[in-house]
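Engineer: Residue numbers (the working numbering): 45 to 354. Pasting in a structure now, in structure tokens, and then I'll have a few things to ask.
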Amino acid sequence: MNKTLMKKLFAFLIALSLLPAQTWAAGYTGTKYPIVLVHGLFGFDNIGPVEYFYGIPAALRADGSQVFVTQVSAANSTEVRGEQLLAEVQSILAVTGASKVNLIGHSHGGPTTRYVASVRPDLVASVTSIGGVNKGSKFADFLLGVAPVGSYSNAVVVSLSNGLAKLISFLSGQPKLPQNALNAAQSLSTAGSLKFNVAHPEGIPTSACGEGAYNVHGVAYYSWSGAKQTTNFFDVSDPVLALTSLAFNGEKNDGLVGSCSSHLGQVIRDDYGMNHLDEVNQVIGLVNIFETNPVTIYRQQANRLKNSGL
Ligand code: CA
């Protein structure tokens, strides 16, 4: 091989290595079944141009996924949200002609997706729980502790929270969704979650902090979460999450959910350098630059589903 050819080959290889990974991967996220994203407490599909799963649907669609972003009550019990999601899943199946969906839920979206997979496993290929409140949140316990049900402080907190939930639903174009912040807090508490898990145990670890069953009634279960609170100097939500994390007494958490509580089925990782909002690439992409970008992790999960034939 002559020197010029060697140089050209070398330059070509360098150029190739500098290409962004996405351009390599036509069909990388091309799952067999549509992906359905489900938000958490005080969540929404989008408010104006701001998506709850910030930049994630487009990143998944770019490499072959069919993605649907759902909206359920911003604040309500897991069962109420679950029934709303089931209706949305049925519409998605009708529109696409698909036989099943891959559900991906964040925070309260974890138990919400689990509800649908539990009552209609025939419609669900997989559940991926991200920062999921699967065994409750110590912050919800803390709130119900300082503002017990029936107290004046509880009435104030519930009224403010219902107001916020109604505002979110109004801004995101679904003003008629019912909101009940007290039922939401109870669903997200440790006691409420344990009660829910008795009725819907699929994928829940039987040990305190292990993995759960990888596949139940034909549904594959996965989870991942972060375990850091302050990750980006410019993100105004970081100090808030540092404060809420105090409810965990040093237990590993992402600011709102304990790492062990997030476990469901196959635990991909429970200690990314991310807080609860980083897990959905918020606020508007301000995440830990020293950690794998959350959008990449969603893409990896879609690829994992694809490679599992889902
Ligand atoms: Ca952030």
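Heads up, the beta-carbon is just placed ideally off N, CA and C, and yes, glycines get one too. Just so we're clear, the structure is a prediction, and the values are computed from it rather than from any experiment.
Measuring from the CB of Thr73, is there a heavy atom of ligand 1 at a distance below 8 Å?
Structural biologist: Residue numbering aside, residue 73 sits at position 29 when the sequence shown is read from its first letter. Outside the cutoff, so no.
Engineer: Terminal residues of the continuous alpha helix (DSSP H) containing Leu129?
Structural biologist: Locating residue 129 in the sequence shown gives position 85, where the first residue counts as 1. Unbroken alpha helix (DSSP H) run through Leu129: Thr122 to Thr140.
Engineer: Give the list of continuous beta strand (DSSP E) stretches no shorter than 3 residues that lie fully inside the stretch 218-282.
Structural biologist: Qualifying beta strand (DSSP E) stretches, in chain order: 263-270.
Engineer: So what does DSSP say about Phe313, is it helix, strand or coil?
Structural biologist: Reading the sequence shown from its first residue, position 269 is the one you call residue 313. Here residue 313 turns out to be Arg, not Phe, going by the sequence shown. If DSSP states are grouped into helix, strand and coil, Arg313 belongs with the strands.
Engineer: Indicate, with yes or no, if ligand 1 has a heavy atom lying under 8 Å from the CB of Asp298.
Structural biologist: In the sequence shown, residue 298 corresponds to position 254, counting from 1. The answer is no for Asp298.
Engineer: Looking at Val171 and Gly309, is the spacing between their C-beta atoms short of 9 Å?
Structural biologist: Walking along the sequence shown from the start, residue 309 turns up at place 265. Walking along the sequence shown from the start, residue 171 turns up at place 127. The answer is yes: Cβ separation under 9 Å.
Engineer: Helix or strand or just coil, what does DSSP make of Ser173?
Structural biologist: In the sequence shown, residue 173 corresponds to position 129, counting from 1. It is a strand residue.
Engineer: So if I measure from each beta-carbon to every heavy atom of ligand 1 and keep distances below 7 Å, which residues remain?
Structural biologist: Those residues, listed in chain order, are Thr275, Asn276, Asp279, Ser281, Asp282, Asn319, Leu321, Asp322, Gln326, Val327, Leu330 and Val331.
Engineer: May I ask you to list the residues that DSSP assigns as paired with Glu95?
Structural biologist: Within the sequence shown, numbered from 1, the residue matching residue 95 stands at position 51. Paired residue(s): Asn90.
Engineer: Nearest to Ile248 by alpha carbon, out of Tyr266, Ser233, Leu232 and Gly262?
Structural biologist: As a working note, residue 248 is residue 204 in the sequence shown. Minimum Cα distance to Ile248 is reached at Tyr266.
Engineer: Which residues does DSSP list as the beta-bridge partners of Phe112?
Structural biologist: Within the sequence shown, residue 112 is the residue found at index 68, counting from 1. Answer is Val80, bridged to Phe112.
Engineer: Let me know the secondary structure DSSP gives Gln66 once reduced to three states.
Structural biologist: Translated into the one-based positions of the sequence shown, residue 66 becomes position 22. Confidence in Gln66 is poor, its pLDDT being 46 and thus under 50, which makes the residue's placement unreliable; the coordinate value appears in the next sentence. Of the three classes helix, strand and coil, the one that applies to Gln66 here is helix, per DSSP.
Engineer: Pick from Val82, Leu204 and Gly74: whose alpha carbon is nearest that of Gly149?
Structural biologist: Your numbering for residue 149 matches position 105 in the sequence shown. Checking every option, the nearest Cα to that of Gly149 belongs to Val82.
Engineer: Assuming Gly271 contacts Lys296 (C-beta within less than 8 Å), just tell me the rounded distance between them.
Structural biologist: Within the sequence shown, the letter at position 227 stands for residue 271. Within the sequence shown, the letter at position 252 stands for residue 296. According to the sequence shown, residue 271 is Ala rather than Gly. Right, their Cβ atoms sit about 5 Å apart.
Engineer: Could you check where the alpha helix (DSSP H) with Ile100 kicks off and where it finishes?
Structural biologist: Taking the sequence shown and counting its residues from 1, one reaches residue 100 at position 56. Note, Ile100: alpha helix (DSSP H), Ile100 to Ala106.
Engineer: Let's see if you can read the secondary structure: which residues bound the alpha helix (DSSP H) around Gly154?
Structural biologist: Mapped onto the sequence shown, residue 154 falls at position 110. From DSSP, the alpha helix (DSSP H) with Gly154 extends over Gly153 to Val163.
Engineer: Please confirm whether Tyr96 and Asn146 have their CB atoms less than 9 Å apart.
Structural biologist: Reading the sequence shown from its first residue, position 52 is the one you call residue 96. Reading the sequence shown from its first residue, position 102 is the one you call residue 146. No, the pair does not count as a contact, with Cβ atoms beyond the cut-off.
Engineer: On the three-state DSSP scale, how would you describe Gly189?
Structural biologist: For the purposes of this step, residue 189 is taken as residue 145 along the sequence shown, with counting starting at 1. Of the three classes helix, strand and coil, the one that applies to Gly189 here is helix, per DSSP.
Engineer: I need the boundaries of the alpha helix (DSSP H) containing Val201, first residue and last residue.
Structural biologist: Sequence index remark: in the sequence shown, residue 201 carries index 157 (1-based). Residues Tyr196 to Leu215.
Engineer: Can you tell which of Thr275, Gln345 and Gly256 has the C-alpha that lies nearest to the C-alpha of Ile333?
Structural biologist: Residue mapping note: residue 333 aligns to position 289 of the sequence shown, counting from 1. Nearest of Thr275, Gln345 and Gly256 to Ile333, Cα basis: Thr275.
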